[in-house]
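Here is the structure we will look at, set down as structure tokens.
Chains as they are written, first to last, in this note's numbering: chain A, 1 to 190; chain B, 191 to 380; chain C, 381 to 570; chain D, 571 to 760.
Quick look at the structure:
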């Protein structure tokens with residue numbers, strides 16, 4: 001079975017290390033898992049007042065997440081938490097009340113940082129939101145990626161076998177998790 | 191001594207209960223404390239790529255916070271954390287590196303909710319960011335405001351003496367905290 | 381299939397409201413789910429130095445958790461986090477390195493409080509530990525039980541149908557979660 | 571003015587790296603700051619039922635903290651949070667209701683780890699408790715000590731000038747914080 005996994009990248013800048021990390025990770029997806037970055041930079045700040053007439057960017061984002069089988073969040077840490085842009089995308093997708101597009105989609109979190117602390121704070125703040133959003137979230141292996149610049153070579157691939165092996169294991173565990181929850185998503189959708 | 195306190199309201203909608211709560215709170219400020227809401231709804235999603243040429247909204251926001259003596263954060267909870275819009279304002283004010291406008295400003299947090307849990311999750315996620323931002327933050331009294339709609343009368347004032355007393359105590363403690371840290375801000379500014 | 385669910389009660393005192401809540405909850409377990417409180421009050425504070433020769437209480441606790449199919453944590457909040465006694469039980473069960481008895485066991489969390497905030501802080505601090513312990517944890521329905529004294533009648537049963545219905549739904553969702561992960565525990569054990 | 575700072579070490583084992591780190595840190599205290607480790611390994615698990623007749627260890631612990639001017643918490647991370655033993659000491663000191671010995675004492679947190687993540691999770695879980703305990707807590711510099719074994723030489727001193735400088739700056743900032751809050755503790759005690 002093929003899984004369509006939406007990838008949310010928490011940093012918006014063009015040369016984002018988190019995005020580069022995601023690009024290096026994509027070719028390591030297990031057979032049948034397709035990873036596609038869903039952009040969040042054009043979403044307006046969430047405001048209930050525009051809910052009656054949401055912008056095309058909002059509608060497109062919600063539709064894209066709604067048809068995904070699962071979501072991978074790749075996040076840097078801004079000020080010991082998730083970037084506002086990432087949290088805003090979560091808020092946009094969670095509304096209107098009772099129509100959250102996140103509901104029941106399996107999730108995985110990878111936090112990415114140029115430093116040693118590996119965006120731990122962002123990783124776990126995000127997880128607290130995912131509980132509310134009812135997204136069964138991968139526990140182990142946790143993915144805290146520190147010193148990320150050193151992990152990538154000039155072509156944007158991972159330098160070390162060790163990193164590739166870890167990412168393979170991480171995505172494999174995510175694939176297994178998706179499989180466990182796929183059934184009841186399908187039956188709910190029926 | 192008069193303190194200029196910037197108030198950040200985490201919800202953007204016009205009829206926000208958090209904003210109504212702030213409006214009810216303002217007249218209860220102690221002598222010499224001036225509370226002014228600083229708007230965050232026009233800020234773009236933070237992106238390092240525009241840092242070379244930030245929009246007027248960004249520049250105005252940074253200047254306004256920079257001249258404040260202290261900051262009061264009034265936040266609802268979206269998906270068990272702070273709203274993306276509020277986190278984005280924090281991110282915008284924290285950059286560029288080394289020029290954060292939040293640095294050393296005393297802070298207080300009030301979380302506001304229509305329900306019983308009182309936005310506890312938003313309150314403490316915000317506090318984690320404030321540690322990094324180097325903002326000495328009021329501990330007690332913690333301010334978890336639940337069932338907020340019941341606290342306000344038709345004119346937008348607090349119904350109960352009890353609420354007014356609590357807010358008076360809260361703002362009084364904040365005033366004392368600001369006083370303790372005012373000295374070294376002044377000397378740094380000199 | 382019958383599930384053996386170990387229940388950890390975070391408060392040690394005899395008349396604990398959390399324990400009373402658990403007693404009221406037990407009769408509402410779905411068919412085939414057996415809930416048994418596993419005591420934690422005799423465990424010594426975790427110290428690697430006694431690991432070479434752990435006390436009988438430690439050994440018995442580890443064995444009991446090891447044979448459980450899943451774990452339900454019922455926790456009050458002490459000082460905005462989990463009680464030390466509960467965290468200590470988690471630490472004891474997690475060691476020695478590589479032999480954690482928590483590994484891969486499905487978990488659910490219910491936080492219980494005499495007040496309105498419903499031990500939210502304890503609930504989510506506990507969840508952060510469960511990620512590390514590799515315990516797939518129930519997301520929805522979240523169980524924040526506030527004003528717990530009002531929920532129990534003189535015989536220790538729930539006063540309201542509404543509470544019984546919620547608990548039934550909560551335990552039913554937990555039962556479903558256990559089912560999803562039961563397979564690979566069995567195959568790992570084989 | 572001389573400050574009496576109680577140091578709580580979160581790990582109980584004899585050869586604890588956190589304790590070694592504290593031993594290396596002690597000689598770097600600024601003039602007038604005296605750091606003394608207060609032991610927590612003999613405290614019973616907190617239980618309201620023994621509150622009517624607490625053990626001598628409990629009474630001694632409470633008295634020792636009560637007379638301290640401030641508290642430095644040095645904590646490893648167990649299962650992504652503070653060790654149960656440390657949380658238990660906090661719980662013991664916080665009771666009985668209204669008589670918490672932690673109240674209004676300035677605090678600082680240093681998290682210590684053999685790995686890269688530097689016990690970030692323990693650091694911030696602890697901070698959430700300190701808000702409730704009404705302890706004004708040092709924000710910057712945050713102290714996340716990773717790869718701690720590499721920082722200590724055969725005599726238990728810090729290998730690098732860089733580490734000594736950081737610790738000096740950390741304790742200096744703590745000293746300044748204590749000074750700001752010392753006045754009102756004194757007046758409250760009068």
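Cβ coordinates follow ideal geometry from the N, Cα and C atoms, glycine included.
Quick test of your reading: residue i and residue j, contact by CB under 8 Å. State the CB separation rounded to the nearest angstrom.
| i | j | result |
| --- | --- | --- |
| residue 327 of chain B | residue 264 of chain B | Wrong, their Cβ atoms sit about 14 Å apart, outside the cutoff. |
| residue 547 of chain C | residue 450 of chain C | Actually they are not in contact, since the Cβ atoms of residue 547 of chain C and residue 450 of chain C sit about 16 Å apart, beyond 8 Å. |
| residue 81 of chain A | residue 289 of chain B | Contact doesn't hold; Cβ gap of about 20 Å is too wide. |
| residue 111 of chain A | residue 143 of chain A | 7 Å |
| residue 49 of chain A | residue 204 of chain B | 6 Å |
| residue 716 of chain D | residue 686 of chain D | 5 Å |
| residue 647 of chain D | residue 691 of chain D | 5 Å |
| residue 638 of chain D | residue 578 of chain D | About 10 Å separates the two Cβ atoms, so there is no contact after all. |
Going by CA-CA distance only, name the one from the options that's closest to residue i.
| i | options | result |
| --- | --- | --- |
| residue 617 of chain D | C/456, C/392, C/396, C/468 | C/392 |
| residue 703 of chain D | D/673, D/628, D/638 | D/673 |
| residue 614 of chain C | C/413, C/525, C/421, C/404 | Look at the range of chain C in this structure, 381 to 570, and you will see that residue 614 of chain C is not part of it. |
| residue 627 of chain D | D/614, D/689, D/732 | D/614 |
| residue 61 of chain A | A/94, A/120, A/126, A/15 | A/94 |
| residue 634 of chain D | D/625, D/599, D/651, D/574 | D/574 |
| residue 600 of chain D | D/680, D/751, D/739, D/650 | D/739 |
| residue 139 of chain A | A/106, A/163, A/52, A/113 | A/106 |
| residue 402 of chain C | C/476, C/460, C/489, C/429 | C/489 |
| residue 493 of chain C | C/386, C/415, C/532 | C/532 |
| residue 320 of chain B | B/307, B/281, B/336, B/348 | B/281 |
| residue 155 of chain A | A/2, A/6, A/25 | A/25 |
| residue 123 of chain A | A/83, A/34, A/148 | A/83 |
| residue 434 of chain C | C/448, C/527, C/476 | C/476 |
| residue 537 of chain C | C/469, C/500, C/508, C/408 | C/408 |
| residue 262 of chain B | B/228, B/372, B/306, B/196 | B/196 |
| residue 223 of chain B | B/242, B/361, B/275 | B/361 |
Determine, using beta carbons only, whether residue i comes closer than 8 Å to chain A.
| i | result |
| --- | --- |
| residue 550 of chain C | no |
| residue 274 of chain B | yes |
| residue 505 of chain C | no |
| residue 203 of chain B | yes |
| residue 519 of chain C | yes |
| residue 512 of chain C | yes |
| residue 683 of chain D | no |
| residue 231 of chain B | yes |
| residue 722 of chain D | no |
The beta strand (DSSP E) with residue i in it runs from where to where?
| i | result |
| --- | --- |
| residue 370 of chain C | The first residue shown for chain C is 381 and the last is 570, placing residue 370 of chain C beyond what the model contains. |
| residue 73 of chain A | 70-75 |
Any beta carbon from chain C within less than 8 Å of residue i's own beta carbon?
| i | result |
| --- | --- |
| residue 623 of chain D | no |
| residue 616 of chain D | yes |
| residue 311 of chain B | yes |
| residue 268 of chain B | no |
| residue 336 of chain B | yes |
| residue 56 of chain A | no |
| residue 737 of chain D | no |
Since residue i is in the alpha helix (DSSP H), which residue starts that stretch and which ends it?
| i | result |
| --- | --- |
| residue 636 of chain D | 626-637 |
| residue 192 of chain B | Counting along the chain, residue 192 of chain B falls outside any alpha helix (DSSP H), and DSSP gives it neither H nor E. |
| residue 20 of chain A | 17-25 |
For chain B, is any of its Cβ atoms less than 8 Å away from the one on residue i?
| i | result |
| --- | --- |
| residue 81 of chain A | yes |
| residue 190 of chain A | Summary for residue 190 of chain A: the model assigns pLDDT 40, below 50, so the residue's position carries little reliability; its value from the coordinates is reported in the next sentence. Not one chain B Cβ lies under 8 Å of residue 190 of chain A. |
| residue 750 of chain D | yes |
| residue 175 of chain A | no |
| residue 118 of chain A | no |
For chain D, check one thing: does any of its Cβ atoms lie closer than 8 Å to the Cβ of residue i?
| i | result |
| --- | --- |
| residue 584 of chain C | With chain C covering only 381 through 570, there is no way to say anything about residue 584 of chain C. |
| residue 319 of chain B | no |
| residue 207 of chain B | no |
| residue 467 of chain C | yes |
Secondary structure, alpha helix (DSSP H): runs of 4+ residues fully inside the region 466-536 of chain C: 500-512
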